[in-house]
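Numbering follows the UniProt record's numbering, in which position 382 of the sequence shown is assigned residue number 382; successive positions increment by one, without gaps.
All C-beta atoms in this analysis are idealised placements derived from N, C-alpha and C, irrespective of residue type, glycine included.
These figures come from a predicted structure and were not determined experimentally.
This report concerns only the one structure given below.
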Amino acid sequence: MARKKNFVIENLTIERVAAEGKCVAHHEDKVIFVEKTVPGDVVDVRVKRNKKSYMEAFPIKFHKESEYRSEPFCSHFGLCGGCKWQNLEYDRQLKWKRQQVVDNFERIGKLEFPEVSPIIGSEATKYYRNKLEFTFANKRWLTTEELNASNGEQLEARGLGFHIPGQYNKVINVDHCYLQPDPSNDIRLKLVEFCRNENIPFYDFRETNGWLRTVVIRTANTGDLMVILLVAGDDEPMMTKVMEFLKSEFPQITSLNYIVNKKGNDSYYDQDVILYHGESFIRETMEDLTYRVGPKSFYQTNSEQAYTLYKVTRDFAKLKGDELVYDLYTGTGTIANFVAKRAKKVVGIEYVPEAIEDAKVNSEINGIKNTRFYAGDMKHLLTDQLVAKHGGTPDVVITDPPRAGMDPKVINMLLKMASPRIVYVSCNPATQARDLALLAEKYEVKAVQPVDMFPHTHHVENVVLLELKK
């Protein structure tokens, strides 16, 4: 029997923050996840989903606004999914992010752990990202305000911006984005104006036609600037027209590239990148290190907080200079190279072959000779043979897996190796807690340090120090 939905619950008090930026309330012993609210709000809500153990709802009337509310600074707040916590004061954001870590460790991991350290906030809460991807749309999302103000006149339908959460074929045209520093906004605005004026076809998601698909902008703390234009088909004259516009209008671009992506989706990691102008990479610096970042390279998108995160990781590793260190899910070797000068040898493992080539180059350009990198599936590479090849059990294992966490086979190998120390870096405390529960067979949690990499979002990075039980 279908459960009733689309009904109203009145005078609901919002209690705390939950996952994905939603908040939690209770009604008749049932959990309700409410969007677009903050703890302390008292609201009437309309239920849009009614499950056996929980409901999902959205506010329709505010009786009382929380003292922790903050006025959103972006005109696109509520439509764009990029900064869902703009309506919550930053110090409260930090409080709830730390609480997420505690809740996950208690509820999912059921762990014994020391007091979680105060979260390290981001000094920059705007313009902190070094990479953004914007999507072209032939039929952009038109807001109610635009339609009401148009007086029936035809509106410009072509846009460049972000997907509306949960509606992939709908794109909101972004007037100003507070996530990436200059000249990101200028590039996006002038590019969309040029392409409209030149009648260059924008992509249509429903009809799967058009030419302009996405544009990726990468800035760097060195001043380097990369732009990658993704298009749906070969058209050399049109490509030359757009590339020359970008090259002349923005001489500060140091790496100008394009990708022809004829697939149905926008993923470009299996596509060839064509360099049009400049160098094939940009440079990021961290302490005395220089990292080359290519069009497909993974690099933490908040450069300043990445440095903070890696310093915590290095401190937890407690390196004295004679250790063998494994860096699992090494990516482009950022952490491996960051700790290498304080270790005897670092072995990095990563699934993506191109990332491993970047890692090797980053060692080479920094004069680091004590790193070894391997590309392949972690559960197939992390074996007894690899351990024997590099002189036995590592003294320290650093692991920084994707959001899904570690494969059980990898965890079993970690338990088998029984390294004295593991430093677990995670972008998802829920899967981290799950993995730590499995590692608890031999390890105990000695320190927990959350780091805020993404202000105004619910995301939190977390670093955990594990040591073998005595």
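Do T334 and Y291 come within 9 Å of each other at the CB atom, strictly closer than that value? yes
Pick helix, strand or coil for G278, following the three-state DSSP scheme. Assignment of G278 by DSSP, reduced to helix, strand and coil, places it in the strand class.
Would you list, in sequence order, the uninterrupted beta strand (DSSP E) runs of no fewer than 3 residues that lie entirely inside the region 186-243? 212-219 and 225-231
Let me make sure I understand the geometry here. Which of Q385, G121, A317 and G152 has the alpha-carbon closest to that of A447? A317
Please determine, among E304, F134 and E153, the residue with the shortest C-alpha to C-alpha distance to K126. E304
Could you tell me the alpha carbon to alpha carbon distance between M378 and I349, rounded to whole angstroms? When rounded, the separation of the alpha-carbon atoms in M378 and I349 is 7 Å.
Tell me the DSSP secondary structure of I368 in three-state form. Assignment of I368 by DSSP, reduced to helix, strand and coil, places it in the coil class.
Indicate whether the contact test is met: 3 or more Cβ pairs, each with one atom in the region 339-347 and one in the region 265-279, closer than 8 Å. In short, these stretches do not touch, since the Cβ pair count stays below three.
Let me know if T308 comes out buried or exposed under the rule of 16 or more other beta-carbons within 10 Å of its beta-carbon. buried
For A137, name the three-state secondary structure that DSSP assigns. strand
On the DSSP letters alone, give me the boundaries of the beta strand (DSSP E) that F162 sits inside. G159 to I164
Where does V260 sit, in a helix, a strand or coil, going by DSSP? strand
Roughly how many whole angstroms lie between the Cα atoms of P165 and N173? 14 Å
Could you compute how far the alpha carbon of A157 sits from the alpha carbon of P201? 12 Å
Got a sec? Which residues, its chain only, sit under 6 Å from R16 by beta carbon, not counting five neighbours each side? V24 and P39
Residues of its chain near C80, where Cβ-Cβ distance is below 6 Å and the 5 sequence neighbours each way are ignored: F162 and I172
Cβ distance (whole Å) where S419 is taken to contact D395 below 8 Å: About 6 Å; that satisfies the 8 Å criterion.
Could you check how far apart the C-beta atoms of V227 and L256 are, in whole angstroms? I think they sit under 8 Å. 6 Å
Taking the CB atoms as reference points, tell me whether E146 and L155 lie closer together than 9 Å. yes
Between the Cα of N302 and the Cα atoms of D103, N138, H459 and F58, which residue gives the shortest distance? H459
Taking the C-alpha atoms as reference points, what is the distance between I217 and I187? 9 Å
Can you tell me which of I356, T313 and D44 puts its alpha carbon nearest to the alpha carbon of L465? T313
Three Cβ pairs or more, each shorter than 8 Å: is that satisfied between the region 60-67 and the region 42-50? yes
Using the three-state DSSP reduction, which class does D266 fall into: helix, strand or coil? It is coil, neither helix nor strand.
Have a look at the DSSP bridge pairing and note the partners of F62. V43
N- and C-terminal bounds of the beta strand (DSSP E) containing F33: K30 to V34
Sequence-distant residues of its chain with Cβ nearer than 7 Å to A124 (five each side left out): E304
For Q167, decide whether its Cβ has a neighbour in chain D, counting only Cβ atoms nearer than 9 Å. Absence of chain D from the displayed structure is noted, only one protein chain being present.
By the three-class DSSP mapping on this structure, what secondary structure does V347 have? strand
For the alpha helix (DSSP H) containing R434, list its first residue and its last residue. P429 to L439
Please state whether DSSP places A149 in a helix, a strand or coil. helix
Bounding residues of the beta strand (DSSP E) (the contiguous stretch that carries Q93): Not the beta strand (DSSP E): Q93 falls in the alpha helix (DSSP H), residues Y90 to R107.
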